[in-house]
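J.:
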Amino acid sequence: MDANLRYGATSGAIFEVGRGYGSTKGAPSEWTRLAVAVWGDREQGAPSVGATAWNLDELKRLVAQVAHLVGERPAYGSSVESAVLHPGINAVITGDRIAGLLGELHPASPIWRDEPRILLAEVAIAGLRAGRVETAQISLPPATPPVTRDVALLIPAAATVGQVVAVARSAVSRATNVELFDLFAGTPLAPGERSAGLRFTFQPSATGADDEAIAAELTALEGAVLRACGARIRGVEGQ
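For the sequence shown, our numbering gives the first residue as 1166, with consecutive numbering after it.
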């Protein structure tokens, strides 16, 4: 990575699959881990659209995409003290089949620079050592097709996207899946604010008897995210 930066690669993303070593209850242990380093722009800009830069939220989105391969939904804890990661700009990754850390490179690192900022992630994922994910279990599709509802939220600077998603999953318990499909920051939003799009997937019954219950949960979501995170709902669309 240092060589890439020295030779003028102002944007990039690299990964490595290797071994991790540690101690468990006094005995040596090792595991297979995935390390990722990103910096600069995730997507180049266009005449009418600005470039999308790598940041903590974008790196979390990348980790979530990898975790999805094993059916995992990573959760993110508070920042930790680390000699490698920037204090306050990092998070613990937890889940049944995934664990790790991610964050911005510590300013004390010899390769740290103001621009571009370097972000790192190191995760252990079940099935990684075998080079393939576990065989998926197949079941018959339900009699009725799933329906989705897209909710646009305005998230204040003091809240994280992960907090909002966690509240959404708890408040809308009938949803079979909740995913972040859009994230935007910049003009005309206030500094630190983000506009996030959450997609809720529901599996309705054949009779449609739970339609009112789904609508009620989405209505209650507005108060739940406002109380927990100060986020506001901007609109709801569905099909």
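The C-beta atom is built at its ideal place from N, Cα and C for all residues, glycine as well.
Bear in mind that the values here come from a model prediction, so they are computed numbers and not experimental data.
Could you pull out every residue in the same chain whose Cβ sits closer than 8 Å to the Cβ of glycine 1215, ignoring the five residues on either side in sequence?
T.: As a position in the sequence shown, residue 1215 is number 50, starting the count at 1. Around glycine 1215: Gly1351.
J.: Just to confirm, is the Cβ distance from serine 1360 to leucine 1348 under 9 Å?
T.: Locating residue 1360 in the sequence shown gives position 195, where the first residue counts as 1. Locating residue 1348 in the sequence shown gives position 183, where the first residue counts as 1. Going by C-beta atoms, serine 1360 is nearer than 9 Å to leucine 1348.
J.: Would glycine 1292 pass as a contact of arginine 1198 if the rule is Cβ separation under 9 Å?
T.: Taking the first residue of the sequence shown as position 1, residue 1292 is located at position 127. Taking the first residue of the sequence shown as position 1, residue 1198 is located at position 33. It is not a contact, given that the beta carbons lie outside the stated cut-off.
J.: Does the stretch 1367–1379 come close enough to the stretch 1319–1327 to have 3 or more Cβ pairs within less than 8 Å?
T.: These segments do not touch.
J.: Starting from the N-terminal side, write out each stretch of the beta strand (DSSP E) that is 3 residues or longer and does not extend beyond the stretch 1260–1313.
T.: The qualifying runs are 1263–1270 and 1283–1290.
J.: Going along the chain, which unbroken runs of the beta strand (DSSP E) with 3 or more residues stay wholly within the stretch 1323–1370?
T.: List check, beta strand (DSSP E) in window: 1342–1349 and 1359–1367.
J.: Name, in chain order, the residues that DSSP records as bridge partners for asparagine 1220.
T.: Mapped onto the sequence shown, residue 1220 falls at position 55. BP columns for asparagine 1220 are empty, so no partner.
J.: Less than 6 Å between C-beta atoms, sequence neighbours within five positions excluded: which residues of the same chain meet that for proline 1311?
T.: Counting from 1 along the sequence shown, the entry for residue 1311 is found at position 146. Around proline 1311: Thr1366 and Gln1368.
J.: Excluding the 5 residues flanking leucine 1383 on each side, which residues of the same chain have their C-beta closer than 8 Å to its C-beta?
T.: As a working note, residue 1383 is residue 218 in the sequence shown. Closer than 8 Å at the Cβ level, and outside the excluded window around leucine 1383, lie Arg1314, Val1316, Val1337, Phe1365 and Val1401.
J.: Which of the three DSSP states is assigned to valine 1201 in this structure?
T.: Residue numbering aside, residue 1201 sits at position 36 when the sequence shown is read from its first letter. Three-state result, valine 1201: strand.
J.: How should leucine 1234 be labelled, buried or exposed, when 16 other C-beta atoms within 10 angstroms of its C-beta is the threshold for buried?
T.: Taking the first residue of the sequence shown as 1, we reach residue 1234 at position 69. Leucine 1234 should be labelled exposed.
J.: Would a C-beta distance cut-off of 9 Å place alanine 1240 and glycine 1268 closer than the cut-off?
T.: Taking the sequence shown and counting its residues from 1, the one referred to as residue 1240 is at position 75. Taking the sequence shown and counting its residues from 1, the one referred to as residue 1268 is at position 103. Against a cut-off of 9 Å, the Cβ pair of glycine 1268 and alanine 1240 comes out as no contact.
J.: What do you reckon, are the CB atoms on arginine 1207 and alanine 1218 nearer than 9 Å?
T.: The residue given as residue 1207 occupies position 42 in the sequence shown. The residue given as residue 1218 occupies position 53 in the sequence shown. Cβ distance < 9 Å, so arginine 1207 and alanine 1218 count as in contact.
J.: Please identify the residue among His1271, Arg1238 and Ala1256 whose C-alpha is closest to the C-alpha of arginine 1262.
T.: Within the sequence shown, numbered from 1, the residue matching residue 1262 stands at position 97. Answer by Cα proximity: Arg1238.
J.: In whole angstroms, give me the CA-to-CA distance for serine 1247 and alanine 1378.
T.: Numbered from 1 along the sequence shown, position 82 holds the residue referred to as residue 1247. Numbered from 1 along the sequence shown, position 213 holds the residue referred to as residue 1378. Cα to Cα, the separation comes out at about 45 Å.
J.: Let me check one thing: in DSSP terms, what residues is isoleucine 1179 bridge-paired to?
T.: Taking the first residue of the sequence shown as 1, we reach residue 1179 at position 14. DSSP, once it has assigned bridges, lists Ala1202 as partnering isoleucine 1179.
J.: Go to glutamate 1377, then tell me how far its alpha helix (DSSP H) extends in each direction, as first and last residue.
T.: Taking the first residue of the sequence shown as position 1, residue 1377 is located at position 212. Looking at the DSSP string, the run of the alpha helix (DSSP H) that includes glutamate 1377 is 1376–1394.
J.: Quick one: Cα of glutamate 1399 to Cα of leucine 1354, how far?
T.: Locating residue 1399 in the sequence shown gives position 234, counting from the first residue. Locating residue 1354 in the sequence shown gives position 189, counting from the first residue. Note that residue 1399 is arginine in the sequence shown here, rather than glutamate. Whole-angstrom Cα-Cα distance: 13 Å.
J.: To which residues does DSSP link glycine 1173 through a beta bridge?
T.: Within the sequence shown, residue 1173 is the residue found at index 8, counting from 1. Its beta-bridge partners do not exist; DSSP assigns none.
J.: Is it right to say isoleucine 1276 is buried, meaning 16 or more other beta carbons lie within 10 angstroms of its own, or is it exposed?
T.: As a first step, residue 1276 must be located in the sequence shown, where it is residue number 111. Answer is exposed; the Cβ neighbour count stays below 16.
J.: Let me confirm a value: alanine 1340 is counted as buried when at least 16 other C-beta atoms fall within 10 Å, else exposed. Which label applies?
T.: As a working mapping, residue 1340 is identified with position 175 in the sequence shown. Looking at its Cβ environment, which holds 16 or more other Cβ atoms inside 10 Å, alanine 1340 is buried.
J.: Cα-Cα, which of Leu1305, Ile1290 and Val1228 is closest to arginine 1184?
T.: Taking the sequence shown and counting its residues from 1, the one referred to as residue 1184 is at position 19. Measuring from the Cα of arginine 1184, the nearest candidate turns out to be Ile1290.
J.: Can you tell me which of the three DSSP states valine 1401 falls into?
T.: Within the sequence shown, the letter at position 236 stands for residue 1401. Strand.
J.: Leaving aside the five residues before and after arginine 1334 along the sequence, list all residues of the same chain whose C-beta is less than 6 Å from its C-beta, in chain order.
T.: Numbered from its first residue, the sequence shown carries residue 1334 at position 169. Correct list, in chain order: Val1343.
J.: Between the Cα of glycine 1205 and the Cα atoms of Gly1362, Gly1177 and Pro1272, which residue gives the shortest distance?
T.: Numbered from 1 along the sequence shown, position 40 holds the residue referred to as residue 1205. Here the closest residue by C-alpha is Gly1177.
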